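Colleague: I have a structure here, written as structure tokens, and I will follow up with some questions on it.
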Ligand SMILES: Nc1ncnc2c1ncn2[C@@H]1O[C@H](COP(=O)(O)OP(=O)(O)OP(=O)(O)O)[C@@H](O)[C@H]1O
Ligand SMILES: Nc1ncnc2c1ncn2[C@@H]1O[C@H](COP(=O)(O)OP(=O)(O)OP(=O)(O)O)[C@@H](O)[C@H]1O
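Put into structure tokens, the structure is as follows:
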């Protein structure tokens with residue numbers, strides 16, 4: 004169980020507080036708006052109505068005891084910059100701040116943020132990828148090259164055996180597993196004689212560009 | 004190559020336009036703000052300065068020709084609701100709208116949106132999970148039960164062989180691969196005699212709760 008300080012309870016801050024609280028962590032939440040503080044009461048151990056740019060307020064909380072602080076004060080960039088500066092001075096162990104744009108992000112890192120997040124940009128990329136390649140259901144990049152990806156097999160795979168498709172030779176991709184979407188049944192390292200059905204999902208490992216080539 | 008219509012060029016809309024444009028798709032972007040339209044010029048084939056709630060404006064674009072439209076007009080919920088309604092009337096094939104809160108999302112679905120997205124909430128959950136379980140680096144849920152996850156092995160694994168850890172018996176988890184973070188080298192289905200190092204990352208398949216148990 005960890006201790007988290009959440010400053011700024013817009014959609015992002017409230018979402019972080021809620022999720023962490025439900026996972027059993029100790030949450031101190033702060034906002035200068037009364038309705039937000041009231042809303043967060045069911046998702047926090049301490050809900051504070053305060054202006055977090057005020058050093059006097061921050062000194063009254065044991066900042067050093069938190070595992071991390073998450074700051075998201077939205078449009079008011081100056082507020083998040085000032086709060087970050089203060090948290091750094093009060094030796095906060097880890098400071099994560101929601102940035103409004105890349106300049107804001109650079110300033111935040113300069114004044115002491117350990118991590119800056121750009122929720123809209125990250126979701127935008129995720130949505131764009133799902134529109135661009137609807138068969139690429141999800142993926143985890145494992146570093147420079149290799150990716151684990153979940154894809155819907157192209158129609159010309161249906162009714163063919165894994166062996167006949169020569170995935171390793173043609174695409175340099177390894178098939179880790181096949182999942183049937185209808186019954187959820189799961190074959191780990193399926194045998195080469197397994198036939199592809201249109202209700203299958205493939206879990207592959209390889210370079211993302213090679214996995215995407217499968218769908219062309 | 005697909006055709007996309009992006010209405011509303013805040014951080015989210017601009018991010019979608021940029022990503023799709025760089026992936027080689029045809030982009031028509033629209034905003035009522037001049038600076039945003041100017042900014043999107045290098046990431047679109049058509050950049051239109053217009054109020055998208057105006058049906059007259061929308062009739063001048065061939066709405067039916069787009070693979071999808073992405074609407075994100077921010078705080079002005081009424082604008083996105085009206086635009087969605089119009090796009091539906093003009094037979095837009097797929098309408099994706101950024102929602103400000105769950106009520107807004109419900110209204111959008113009711114007036115014809117095919118998909119609503121909540122970028123701040125989704126990123127909030129993702130951040131919360133990474134704060135709660137920093138060793139769980141990334142994961143793809145494959146459906147009801149099974150997940151592919153990338154984790155940092157707990158310290159008590161270091162110097163031990165895969166075989167001695169009995170991952171399948173103790174945790175019901177399969178180790179798909181080991182990656183070395185220093186040189187990026189990658190072992191697919193590593194041999195049971197492989198020793199774990201502190202520079203390793205494990206790629207596992209199994210239930211998320213079982214994978215998380217590994218780190219306790
Ligand atoms: N100095 C401050 N001290 C405490 N809370 C603040 C301060 N400045 C802003 N806030 C709060 O931060 C929250 C920011 O929410 P707002 O919706 O404006 O921003 P956002 O980060 O863009 O939201 P979202 O998370 O929905 O994207 C508001 O609830 C506001 O009251
Ligand atoms: N009726 C409209 N027609 C065209 N563009 C519009 C209309 N209403 C709003 N917009 C544009 O939509 C954009 C919305 O951006 P804004 O930053 O307000 O919202 P947001 O969706 O919260 O942003 P972000 O994507 O950064 O979270 C603005 O650039 C604005 O000019």
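Chains as they are written, first to last, in our numbering: chain A, 4 to 219; chain B, 4 to 219. We put the beta carbon where it would ideally sit given N, CA and C, even for glycine. No experiment lies behind these values; they were computed from the predicted model shown.
Taking a cut of 7 Å between CB atoms, which residues from the segment 105 to 120 of chain B lie near chain A?
Modeller: Under the 7 Å Cβ criterion, the segment 105 to 120 of chain B contributes 120.
Colleague: Give the residues of chain A in contact with residue 160 (chain B), contact being defined as C-beta atoms less than 7 Å apart.
Modeller: What residue 160 (chain B) touches in chain A: nothing, since even the nearest Cβ is about 18 Å away.
Colleague: Taking buried to mean at least 16 other C-beta atoms within 10 Å of its own C-beta, is residue 68 (chain B) buried or exposed?
Modeller: Exposed: under 16 other Cβ atoms inside 10 Å.
Colleague: Under 9 Å, CB to CB, which of the residues in the segment 198 to 215 of chain B have a partner in chain A?
Modeller: Of all residues in the segment 198 to 215 of chain B, 204, 206, 208 have a Cβ within less than 9 Å of some Cβ in chain A.
Colleague: Can you pull the DSSP bridge partners for residue 43 (chain B)?
Modeller: BP columns for residue 43 (chain B) are empty, so no partner.
Colleague: Please state the DSSP three-state secondary structure of residue 209 (chain A).
Modeller: Three-state result, residue 209 (chain A): strand.
Colleague: Excluding sequence positions up to five away, which residues of its chain have a Cβ less than 6 Å from the Cβ of residue 31 (chain A)?
Modeller: So the qualifying residues of the chain are 8, 49.
Colleague: What are the boundary residues of the beta strand (DSSP E) that includes residue 29 (chain B)?
Modeller: That run of the beta strand (DSSP E) goes 29 to 34.
Colleague: Sort B:187, B:193, B:173 by Cα distance to residue 209 (chain B) and report the nearest one.
Modeller: Selected option, being the one with the closest Cα: B:173.
Colleague: To which residues does DSSP link residue 151 (chain B) through a beta bridge?
Modeller: DSSP lists B:143, B:208 as partners of residue 151 (chain B).
Colleague: Please list, in chain order, the chain C residues whose beta carbon lies closer than 8 Å to that of residue 30 (chain A).
Modeller: Here the protein chains are A and B, and chain C is not one of them.
Colleague: Is the distance from the Cβ of residue 80 (chain A) to the Cβ of residue 97 (chain A) below 7 Å?
Modeller: Not in contact: residue 80 (chain A) and residue 97 (chain A) (Cβ atoms no closer than 7 Å).
Colleague: In whole angstroms, what is the alpha-carbon distance linking residue 175 (chain B) and residue 149 (chain B)?
Modeller: Each residue's alpha carbon lies about 11 Å from the other.
Colleague: May I ask you to list the residues that DSSP assigns as paired with residue 190 (chain B)?
Modeller: Answer is B:181, bridged to residue 190 (chain B).
Colleague: When every heavy atom of ligand 2 is checked, does at least one fall within less than 6 Å of the C-beta of residue 62 (chain B)?
Modeller: No, since every heavy atom of ligand 2 falls outside the 6 Å radius drawn around the Cβ of residue 62 (chain B).
Colleague: Would you check whether ligand 1 has a heavy atom nearer than 6 Å to the C-beta of residue 12 (chain A)?
Modeller: Answer for residue 12 (chain A): yes, Cβ within range of ligand 1.
Colleague: Please compile the residues from chain A whose C-beta is within a distance smaller than 9 Å of the C-beta of residue 18 (chain B).
Modeller: The contacting residues are 121, 123, 124, 125, 126, 127, 128, 130, 131.
Colleague: Could you tell me which residues DSSP pairs with residue 51 (chain B) in its beta bridges?
Modeller: Partner(s): B:33.
Colleague: Taking just the CA atoms, how far does residue 64 (chain A) sit from residue 2 (chain B)?
Modeller: Summary: the structure shown does not reach residue 2 (chain B), with chain B confined to residues 4 through 219, and so no result is reported for it.
Colleague: Is DSSP giving residue 15 (chain B) helix, strand or coil here?
Modeller: Residue 15 (chain B): helix per DSSP, three-state reduction.
Colleague: Along chain B, which residues have their Cβ under 9 Å away from the Cβ of residue 146 (chain A)?
Modeller: By Cβ distance, chain B contributes 182, 184, 187, 189, 204.
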